[in-house]
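Report on the following structure.
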């Protein structure tokens, strides 16, 4: 599950080194897998936003799936012998017009 974390430079007196230290402490403690990061100015203040996954939760989920033998909803191997009857007659992909907006 994705989570959100925000940092506002006003919380550290607009000190860049203090903001950096706050972010570093959070990253060391949480060890997030950052999926998206954004930096925004709000007047004279910096807002940092992170969308992340908690690595510990992710590792627990993977471990529990491995113990349960979960391989996903698809088989590991596909049967090459099964061929659908509705194969296209032409190997070319038909041209389609671009979507209209």
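Residue numbers (the working numbering): 390 to 490. Ideal Cβ placement from N, Cα and C applies to all residues, glycine included.
query = Under three-state DSSP, which class holds residue 404?
reply = Here residue 404 corresponds to residue number 15 of the chain shown, with the count starting at 1. Three-state DSSP puts residue 404 in coil, outside helix and strand.
query = Which whole-angstrom value is the C-beta distance of residue 339 and residue 433, which I expect to be below 8 Å?
reply = Only positions 390 to 490 of the chain appear in this structure, which leaves residue 339 out of reach.
query = Does the distance from the C-beta atom of residue 424 to that of residue 447 stay below 8 Å?
reply = Residue mapping note: residue 424 aligns to position 35 of the chain shown, counting from 1. Residue mapping note: residue 447 aligns to position 58 of the chain shown, counting from 1. No, they are not a contact pair.
message = Strictly by DSSP, which residues pair up with residue 435?
response = Counting from 1 along the chain shown, the entry for residue 435 is found at position 46. For residue 435, the beta-bridge partners assigned by DSSP are 430.
ask   = Taking the alpha-carbon positions, what's the residue 450 to residue 444 distance?
value = Your numbering for residue 450 matches position 61 in the chain shown. Your numbering for residue 444 matches position 55 in the chain shown. Looking at the two C-alpha atoms, the distance is approximately 10 Å.
C-alpha distance - residue 442 paired with residue 487, whole-angstrom precision = Position 53 of the chain shown holds residue 442. Position 98 of the chain shown holds residue 487. When rounded, the distance between both Cα atoms is 36 Å.
query = In three-state DSSP terms, what is residue 481?
reply = Numbered from its first residue, the chain shown carries residue 481 at position 92. Of the three classes helix, strand and coil, the one that applies to residue 481 here is coil, per DSSP.
request  = Evaluate residue 393 with the Cβ neighbour count: other Cβ atoms within 10 Å of its Cβ, from every protein chain shown; 16 or more gives buried, anything less gives exposed.
outcome  = The residue you call residue 393 lines up with position 4 of the chain shown. Answer is exposed; the Cβ neighbour count stays below 16.
ask   = Where DSSP assigns a beta bridge to residue 414, which residues make up the other side?
value = Position 25 of the chain shown, counted from the first residue, corresponds to residue 414. Beta-bridge pairing links residue 414 to no other residue.
request  = Can you give me the Cβ contacts of residue 454 inside the same chain, cut-off strictly under 7 Å, excluding the 5 residues immediately before and after it?
outcome  = Position 65 of the chain shown, counting from 1, holds the residue named residue 454. Excluding its 5 nearest sequence neighbours in each direction, residue 454 has no C-beta neighbour in its own chain below 7 Å.
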